[in-house]
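**Q**
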Amino acid sequence: MSRRRQIYEGKAKILYEGPEPGTIIQYFKDDATAFNALKKGTIQGKGVINNRISEYVFTRLNHIGVPNHFIRRLNMREQLVRQVEIIPIEVVVRNVAAGSISKRLGIPEGEMLPHTLIEYYYKDDALGDPMIAEEHIACFGWATNEEMQDISSMAIRVNDFMCGMFAAINIRLVDFKLEFGRIWDGDYSRVILADEISPDGCRLWDMTTGEKLDKDRFRRDLGGEEEAYQEVARRLGLLQDESGPTEVFDLSKHRKLRGK
1 MSRRRQIYEG KAKILYEGPE PGTIIQYFKD DATAFNALKK GTIQGKGVIN NRISEYVFTR
61 LNHIGVPNHF IRRLNMREQL VRQVEIIPIE VVVRNVAAGS ISKRLGIPEG EMLPHTLIEY
121 YYKDDALGDP MIAEEHIACF GWATNEEMQD ISSMAIRVND FMCGMFAAIN IRLVDFKLEF
181 GRIWDGDYSR VILADEISPD GCRLWDMTTG EKLDKDRFRR DLGGEEEAYQ EVARRLGLLQ
241 DESGPTEVFD LSKHRKLRGK
């Protein structure tokens, strides 16, 4: 078998040349980073879990008509996706105050926002992914007005769907990050959803206990990262639930059982 050509390596994934023109193989790593890679570590098995969760979410989004880059999962850590021209904007959708918005505006963490809020950040690690306005996007030509209309419309639709999906398994979708890319047909392009959707890029809180089931456990040195990611996958039906379907997830109890 010939060695695959690596195209790009990011903080959480490696991209390889796909088997067919216009495709990419996306490999999910166990590496974990926070605060623009100032904090680094490893969450054992994270890549496997994120691959499964992202496959599940993108497949369901495709079923409701949200166009995305996912084609199929190849193995435990890899999936085949369509090659896109990534738009250099991170789209953050917020339902509950948490993280940077609480720090910036002094809003208590956990406070419900009056309505869903969409924020935009310029994708540049060296600059710390600064927050930007739609005027910046238009001024510097990062996306057209029509593309931004498609992006905001898709972001709201994804939020509506995922809020219901997670609420059904007793998880509150606090906020999440999306990325979009262009696919080309001659001189014509259209925007589709890209990257991944997983606990790496979502804040997910247990609706009963308030336990964090996402990368904030790594960011804030809370421990139990592996168990939290696995719990999300279990509730989505992607892993066998050894604890039983009606038991409320309790990380402190779980760690005591494991002698931690």
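Quick note, the sequence shown lines up with residues 1 to 260 if you use the UniProt record's numbering. Beta carbons are placed, not taken as given, at the ideal position from N, Cα and C, and that holds for glycine.
So which of 133, 84, 100, 208 has the shortest CA-CA distance to residue 21?
**A** 84
**Q** According to DSSP, is residue 189 part of a helix, a strand, or is it coil?
**A** strand
**Q** To which residues of the same chain is residue 73 closer than 6 Å at the C-beta, ignoring the five residues directly before and after it?
**A** 55, 79
**Q** Could you check which residue in 97, 119, 102 has the C-alpha nearest to that of residue 113?
**A** Here the closest residue by C-alpha is 97.
**Q** Which residues in the same chain have their Cβ closer than 6 Å to the Cβ of residue 166, if we skip the five residues on either side of it in sequence?
**A** 173
**Q** In or out: residue 58 buried (at least 16 other Cβ within 10 Å) or exposed?
**A** buried
**Q** Taking residue 228 and residue 199 to be in contact with their CB atoms under 8 Å, please state how far apart those CB atoms are, rounded to whole angstroms.
**A** 7 Å
**Q** So the candidates are 29, 49, 191, 240; which of them puts its Cα closest to the Cα of residue 155?
**A** 191
**Q** Look at the alpha carbon of residue 247 and the alpha carbon of residue 203, and state the distance between them as a whole number of angstroms.
**A** Unreliable placement is indicated for residue 247, whose pLDDT of 41 sits below 50; the coordinate value is still reported in the next sentence. Those two C-alpha atoms are separated by around 21 Å.
**Q** One question on the structure: do residue 141 and residue 177 come within less than 7 Å of each other, judged by their Cβ atoms?
**A** In this structure, the beta-carbon distance from residue 141 to residue 177 does not fall below 7 Å.
**Q** Does the segment 212-224 come into contact with the segment 26-35, if we say contact requires no fewer than three beta-carbon pairs (one atom in each stretch) closer than 8 Å?
**A** Yes, since at least three Cβ pairs between the segment 212-224 and the segment 26-35 fall closer than 8 Å, the two stretches touch.
**Q** Buried or exposed for residue 26, going by 16 or more other Cβ atoms inside 10 Å?
**A** buried
**Q** Using only CA atoms, which one of 161, 124, 164, 234 lies nearest to residue 10?
**A** 124
**Q** Give me, in chain order, the residues of the same chain whose beta-carbon lies closer than 6 Å to that of residue 275; leave out the 5 immediate sequence neighbours on both sides.
**A** Past the boundaries of the shown model lies residue 275; the chain is included only from 1 to 260, so the question cannot be answered.
**Q** Which value, in whole angstroms, describes the spacing of the CA atoms of residue 104 and residue 135?
**A** When the Cα atoms are used, residue 104 and residue 135 turn out to be separated by approximately 20 Å.
**Q** I'd like the ranges of any beta strand (DSSP E) spanning at least 3 consecutive residues and lying wholly in the segment 167-228.
**A** 171-185, 188-194, 202-206
**Q** Where do the ends of the alpha helix (DSSP H) carrying residue 63 lie?
**A** 46-63
**Q** Closest by CA to residue 138, which one among 52, 214, 88, 46?
**A** 88
**Q** Straight-line CA distance for residue 197 to residue 179?
**A** 9 Å
**Q** By how many angstroms is the C-alpha of residue 19 removed from the C-alpha of residue 7?
**A** 13 Å
**Q** Just the Cα atoms here: how many angstroms apart are residue 115 and residue 95?
**A** 7 Å
**Q** Thinking residue 120 and residue 158 are a contact (beta carbons under 8 Å), I'd like their distance in whole angstroms, please.
**A** 15 Å between Cβ atoms; not a contact.
**Q** Please state whether DSSP places residue 69 in a helix, a strand or coil.
**A** coil
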